[in-house]
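Following: one structure in structure tokens, then a few remarks.
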């Protein structure tokens, strides 16, 4: 058994658990901690946008450096999302799993959406842009409308709202000419570029693995083709410019586990970005529309399209992905 350690700094924050939608206690009730002021400011800004309050990020935990997860799957298996990946607890040093048997993704998570999650040292030391995206992303998971959302839909929604909220907040706080705002203002569209690449290669590899199951090609041939496909994915996603400020432009690890994990965030992001465009790129209106959409409890792409069609009858729905 070999220990694996794969560095990761992806946007994905998961495990959306039931939350407390309660009024935030006064900030003075908590000892000061790194990034406290800006975190409290963006949470106040979120309230003005229409977020329900959560108790996420109101305290600091020195004892929890990060949350260590080991996701894994077979060499010729490509699950639909992180929910279908196998999962075991990791340690700071990595994962005790057999790399010859599994594709492994070691993920040290900065924060999880419990409704009371603390600021971890990993989060406190992250770049400002990352912090400003993580806070609304996690707080959105704990909104009443987002509770119980299907993973790929909930993550796409939280990802979009995280980008838009961080951008709007930074424009107000730092000004439209600030570097922080300029970087955050392009995140939503840069992630849209990433989704086109990730979703396309996911489909390509799914087809490849299906050909193994049907007996069309051998496992050895499929593994050889797999290496080529991931190399091409690496080239294409690396070409995204400019560099994002708050997320990786490529999957954190180039294997089935890393791709399935990223797919949880990218699968339905283009559809929700359409909603943002239909709302005239208005952040507050988009937040309310996304919350209304999730309140209908969509469980599939067809559910999403039907809900979007009902909300925007004039919208020309694109052809469903294959």
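Residue numbers (our numbering): 40 to 361.
All C-beta atoms in this analysis are idealised placements derived from N, C-alpha and C, irrespective of residue type, glycine included.
Residue range of the alpha helix (DSSP H) that includes residue 154: Residue 154 sits at position 115 when you count from the first residue of the chain shown. Here residue 154 belongs to no alpha helix (DSSP H), and DSSP marks it neither H nor E.
Opposing strand residues paired with residue 147 [DSSP bridges]: The sequence position of residue 147 within the chain shown is 108, counting from 1. Answer is 107.
Option in 175, 284, 334, 272 with minimal Cα separation from residue 297: For this step, residue 297 is matched to residue 258 along the chain shown. If we check each option's Cα against that of residue 297, 272 comes out closest.
Identity of the residue in 105, 123, 111 nearest residue 130 by Cα: Numbered from its first residue, the chain shown carries residue 130 at position 91. The shortest Cα separation from residue 130 among 105, 123, 111 belongs to 105.
Run of the alpha helix (DSSP H) containing residue 199, from where it starts to where it stops: By one-based count along the chain shown, residue 199 stands at place 160. Per DSSP, residue 199 belongs to the alpha helix (DSSP H) from 190–213.
Between the CA atoms of residue 243 and residue 288 - distance to the nearest angstrom: Taking the chain shown and counting its residues from 1, the one referred to as residue 288 is at position 249. Taking the chain shown and counting its residues from 1, the one referred to as residue 243 is at position 204. Rounded to the nearest angstrom, the two C-alpha atoms are 19 Å apart.
Alpha-carbon spacing of residue 339 relative to residue 149, whole angstroms: Within the chain shown, residue 339 is the residue found at index 300, counting from 1. Within the chain shown, residue 149 is the residue found at index 110, counting from 1. If you take the alpha carbons of residue 339 and residue 149, they lie about 29 Å apart.
Distance between residue 121 and residue 146 (C-alpha atoms, nearest Å): Position 107 of the chain shown holds residue 146. Position 82 of the chain shown holds residue 121. Roughly 12 Å between the two C-alpha positions.
Cα-Cα separation between residue 344 and residue 191, rounded to whole angstroms: Looking up residue 344 in the chain shown gives position 305. Looking up residue 191 in the chain shown gives position 152. Whole-angstrom Cα-Cα distance: 14 Å.
Option in 282, 73, 85, 112 with minimal Cα separation from residue 98: The residue labelled residue 98 in the question sits at position 59 within the chain shown. Residue 73 is the option with its Cα nearest to residue 98.
For residue 267, the three-state DSSP class (helix, strand or coil): Sequence index remark: in the chain shown, residue 267 carries index 228 (1-based). Three-state DSSP puts residue 267 in a helix.
Beta-carbon separation (whole angstroms), residue 119 vs residue 299, contact threshold 8 Å: Translated into positions along the chain shown, residue 119 becomes position 80. Translated into positions along the chain shown, residue 299 becomes position 260. The C-beta distance from residue 119 to residue 299 rounds to 7 Å, short enough to fall under 8 Å.
Simplified DSSP assignment, three categories, for residue 122: In the chain shown, counting from the first residue as 1, residue 122 sits at position 83. The answer is helix: DSSP assigns residue 122 an H, G or I state.
Beta strand (DSSP E) runs contained entirely in the stretch 225–305, provided each spans 3 or more residues: none
Where residue 363 sits in the DSSP three-state scheme: Past the edges of the chain, shown from 40 to 361, lies residue 363, and the structure says nothing about it.
Own chain, CB closer than 6 Å to residue 290, minus 5 neighbours either side, in chain order: Counting from one through the chain shown, the residue named residue 290 turns up at place 251. Answer for residue 290: 297, 298, 301, listed in chain order.
Residue 362 vs residue 162 beta-carbon contact at 9 Å: Residue 362 lies beyond the residue range present for the chain, which begins at 40 and ends at 361; the question has no answer from this structure.
Top-ranked residue by Cα proximity to residue 293, from 337, 143, 133: Residue 293 sits at position 254 when you count from the first residue of the chain shown. Among 337, 143, 133, the Cα nearest to that of residue 293 is on 143.
Under the three-state DSSP convention, the category residue 137 falls into: Taking the first residue of the chain shown as position 1, residue 137 is located at position 98. DSSP places residue 137 in coil when its eight states are reduced to three.
Reference residue 333, options 196, 280, 206, 227, closest by Cα: Walking along the chain shown from the start, residue 333 turns up at place 294. Minimum Cα distance to residue 333 is reached at 196.
Counted within 10 angstroms of its Cβ, other Cβ atoms place residue 348 as buried (16 or more) or exposed: Residue 348 sits at position 309 when you count from the first residue of the chain shown. Answer is exposed; the Cβ neighbour count stays below 16.
Cα-Cα separation, residue 269 to residue 193: Locating residue 269 in the chain shown gives position 230, where the first residue counts as 1. Locating residue 193 in the chain shown gives position 154, where the first residue counts as 1. Spanning the two alpha carbons is a distance of roughly 27 Å.
Nearest neighbour of residue 77, chosen from 208, 109, 91 [CA to CA]: Locating residue 77 in the chain shown gives position 38, where the first residue counts as 1. Minimum Cα distance to residue 77 is reached at 208.
Where residue 65 falls: helix, strand or coil (DSSP): By 1-based counting over the chain shown, the position of residue 65 is 26. Residue placement at residue 65 cannot be trusted, given a pLDDT of 46 that sits under 50; the coordinates are not used to answer.
Cβ neighbour criterion (16 or more within 10 Å) applied to residue 206: Translated into the one-based positions of the chain shown, residue 206 becomes position 167. Label assigned to residue 206: buried.
Range of the contiguous alpha helix (DSSP H) that encloses residue 327: Residue mapping note: residue 327 aligns to position 288 of the chain shown, counting from 1. Here the alpha helix (DSSP H) through residue 327 covers 322–334.
Nearest-angstrom Cβ-Cβ length linking residue 234 and residue 309, presumed shorter than 8 Å: Counting from 1 along the chain shown, the entry for residue 234 is found at position 195. Counting from 1 along the chain shown, the entry for residue 309 is found at position 270. Indeed they touch by this definition, with Cβ atoms about 6 Å apart.
C-alpha gap between residue 134 and residue 125, whole angstroms: Position 95 of the chain shown, counted from the first residue, corresponds to residue 134. Position 86 of the chain shown, counted from the first residue, corresponds to residue 125. Approximately 13 Å between the Cα atoms of the pair.
Candidates 114, 285, 151, 136, of which the one nearest residue 229 by Cα: Here residue 229 corresponds to residue number 190 of the chain shown, with the count starting at 1. Comparing Cα positions, the closest option is 285.
Extent of the continuous alpha helix (DSSP H) run through residue 181: Locating residue 181 in the chain shown gives position 142, counting from the first residue. Taken as a continuous stretch (DSSP letters only), residue 181 belongs to no alpha helix (DSSP H), as it is neither H nor E.
Meets three-Cβ-pair contact criterion under 8 Å: the stretch 209–217 and the stretch 306–324: no
Cutoff 8 Å; reference residue 351; Cβ partners in own chain excluding five residues on either side: Your numbering for residue 351 matches position 312 in the chain shown. Here the set comprises 314, 317.
Burial state of residue 157 (16 or more Cβ within 10 Å): As a working mapping, residue 157 is identified with position 118 in the chain shown. Counting Cβ neighbours within 10 Å, residue 157 comes out buried, since at least 16 surround it.
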